[in-house]
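Structure first, then comments.
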């Protein structure tokens, strides 16, 4: 095992998959000689050359469209959106084409495309560099949406996404890139299954269901609350869509008190699917109302630091929400 | 600035005090905290300190007045203007504790789906569980804990049941010449009540011997006249009933029932009287026994005994007993260990009155009429000390019986 950070796990997964399969190539803005604005593709251009590490124009619809075409042709493209906030020009390509080709062609065609995009706030990025966009894509059958929280999951899930025969949106939290470190097995070609949630901590007072950077807020809060005698069960969704209903319901049953946490705004967030699944399948195990902790329903992450702090999810907010539920 | 000095709270439960002596006179200069009066309460004798520095202007309460806590006792003239902060603080201090003392039970009966489902599945009575959640809400964990402890208990009963058949087997074997009496009706009820009581209740037992010579003599004097006037015999039992009822009044701890998570002290004193027939034992109840005099006791007892023998007891006659009195002396017993009549907390047996040589004051030996009173108590509800006091009181009532004062 070696300890690496979140973004190195992205780079390692890309490098190993490109090494393993000649059909794998990356494309995006500044991914080549520059190595990506976050340095996720650092070293790939030097190692695999300009034909497999493609710098593209500032046209997200083209990045997605080229990816779809190449994928249908038999390649395994990994397209990078520089920020998830800029994915919207590509939505028509992703939703109307990538997600529907297999269905539309009666299984004759498939789109093994991975689209990577850094999302999330807390980095003074303001409106266009802080958004959480996963909810937009989480009601589109044919798509898969993955948001990992640890370097281990990043590497395993990105490899699984590249090897998947259908389009996968892979959102990486940009604040986690150099903040979150974790152990990854050395030289071991492992994958983490898409569609399966993961228990990150066992407990029996309150269940927290969350994903992405918020998993770490929950873990830190749980550690503190342990001293107060409150035991927290933490489920990391990992795959947002389609959601692991079994995993969600099992985690809810464990304590009967469920806190759903997201950095996204509250109404219409992906958590609602978890809340619905729990309400549908285990009403009689519930000991409290299902609680959601999310950002306020305002258009975007503010730039002013105090406002950003208010808007952004953090460990303290999660901690007090867990405590409230524990005492209910 | 003329300020009020009020009666301070001198203890947790002290509500009033008697002002025994003023230590100051009007016009005296006093410092803050300097004693200005002496006060007697039922808990403490204390001095009342002055709340301010200043000159005593008027003593409102007189010596030997009983004053409620918080009532005005004197005025004092202070030279400084009042501080707003002081005022606010004291008023805040006055109000706060009351609010905090009230425990919030508003959510005690709001059951979550999990709590309801679990309690129904495992037959848990939610009324018996105390909630650890906000507002006293019963949480899923509370119910799970109850289920876990209940399953511990049932393992115990299962063990008991495994042992039972072996006993039953041997007992079932009857020789041809033996009579076999099926257990039904009252016998069955007695069997189940008594086993339940003996198995569940941790019985403790204590006995006092009482010199009832006074009572024996008094009864000898009046019994013929009583029968003539009342048409019923005067037995010894009403004397004991009267002493016990008055003892229960004084020591309500014994007039209680065990209810799982709480003990209920009954206000009313209803005596259950154990009355034997050839086949069974009945415990009809004399309601409000403490309100009856000797004559009333005798009449109630006679009526119940009559009804019992004729098999005319109805369910009203059997209900609501708070303490049982058992006349084991009627068949010559001098000592017994009665089984408590649940859910009551205690039972008292009155044994035979026998003549015995007794060592009296100044080492004189006298022939006295003695009786043993045997008390069984539920040790969950009661401890030996209070029962000892109860018995001592009953003994005193009986030994110092005065026919003129409390006779018929």
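Chains as they are written, first to last, in this note's numbering: chain X, 260 to 587; chain W, 3 to 410. The beta carbon of each residue, even a glycine, is placed where N, CA and C say it ideally should be.
Cα-Cα, which of the options is closest to residue i?
i: residue 553(X); options: 379(X), 544(X), 348(X), 422(X); result: 379(X)
i: residue 533(X); options: 400(X), 550(X), 464(X); result: 550(X)
i: residue 484(X); options: 269(X), 582(X), 382(X); result: 582(X)
i: residue 360(X); options: 331(X), 373(X), 274(X); result: 331(X)
i: residue 1(W); options: 19(W), 400(W), 381(W), 407(W); result: Residue 1(W) lies beyond the range of chain W shown here (3 to 410); nothing can be said about it.
i: residue 358(W); options: 393(W), 300(W), 370(W); result: 370(W)
i: residue 571(X); options: 345(X), 267(X), 319(X), 384(X); result: 384(X)
i: residue 52(W); options: 42(W), 10(W), 216(W), 43(W); result: 10(W)
i: residue 322(W); options: 350(W), 269(W), 338(W); result: 269(W)
i: residue 258(W); options: 403(W), 388(W), 69(W), 31(W); result: 388(W)
i: residue 60(W); options: 73(W), 4(W), 128(W); result: 4(W)
i: residue 468(X); options: 453(X), 430(X), 531(X), 411(X); result: 531(X)
i: residue 410(X); options: 480(X), 323(X), 474(X); result: 474(X)
i: residue 284(X); options: 348(X), 308(X), 262(X); result: 308(X)
i: residue 461(X); options: 420(X), 471(X), 448(X), 511(X); result: 511(X)
i: residue 590(X); options: 450(X), 397(X), 446(X), 507(X); result: It is not possible to answer for residue 590(X), since the shown part of chain X is limited to 260 through 587.
i: residue 339(X); options: 312(X), 547(X), 528(X), 401(X); result: 312(X)
i: residue 235(W); options: 42(W), 410(W), 23(W); result: 410(W)
Any idea which residues DSSP pairs residue i with across the strands?
i: residue 374(W); result: 211(W)
i: residue 339(X); result: 287(X), 375(X)
i: residue 77(W); result: 6(W), 60(W)
i: residue 328(W); result: 276(W), 351(W)
i: residue 39(W); result: 24(W), 50(W)
i: residue 358(W); result: 370(W)
i: residue 440(X); result: 264(X)
i: residue 432(X); result: 378(X)
i: residue 55(W); result: Paired residues: none, contrary to the question.
i: residue 492(X); result: 466(X)
i: residue 284(W); result: 277(W)
i: residue 177(W); result: According to DSSP, which records beta bridges pairwise, residue 177(W) is partnered with nothing at all.
i: residue 314(X); result: 287(X)
i: residue 292(W); result: Note: residue 292(W) sits in no beta bridge, so no partner.
i: residue 135(W); result: BP columns for residue 135(W) are empty, so no partner.
i: residue 380(W); result: 205(W)
In chain W, which residues lie less than 7 Å from residue i when you measure between Cβ atoms?
i: residue 547(X); result: 114
i: residue 542(X); result: 115
Starting from the beta carbon of residue i, find every residue of chain X whose beta carbon is closer than 9 Å, and list them in chain order.
i: residue 305(W); result: Residues of chain X passing the Cβ test: none, with the nearest at roughly 56 Å.
Quick one: which chain W residues come within Cβ less than 8 Å of residue i?
i: residue 586(X); result: 135, 136
Residues of chain X with CB closer than 7 Å to the CB of residue i, please, in chain order.
i: residue 141(W); result: 546
Quiz item: Mind listing which residues of the stretch 501-530 of chain X have their C-beta closer than 7 Å to chain W's C-betas, in chain order?
Solution: 515
Practice problem: Give the residues from the stretch 103-118 of chain W that approach chain X closer than 7 Å (Cβ to any Cβ), ordered along the chain. | Solution: 114, 115, 116, 117
Self-check item: Whole beta strand (DSSP E) elements within the stretch 196-274 of chain W, 3-residue minimum
Solution: 205-213, 258-260, 265-267
Quiz item: Quick one: complete alpha helix (DSSP H) runs, 4+ long, within the stretch 352-409 of chain X?
Solution: 360-363
Exercise. Return the chain-ordered ranges of every beta strand (DSSP E) run that is complete within the stretch 495-575 of chain X and spans a minimum of 3 residues.
Key: 498-500, 517-524, 550-554
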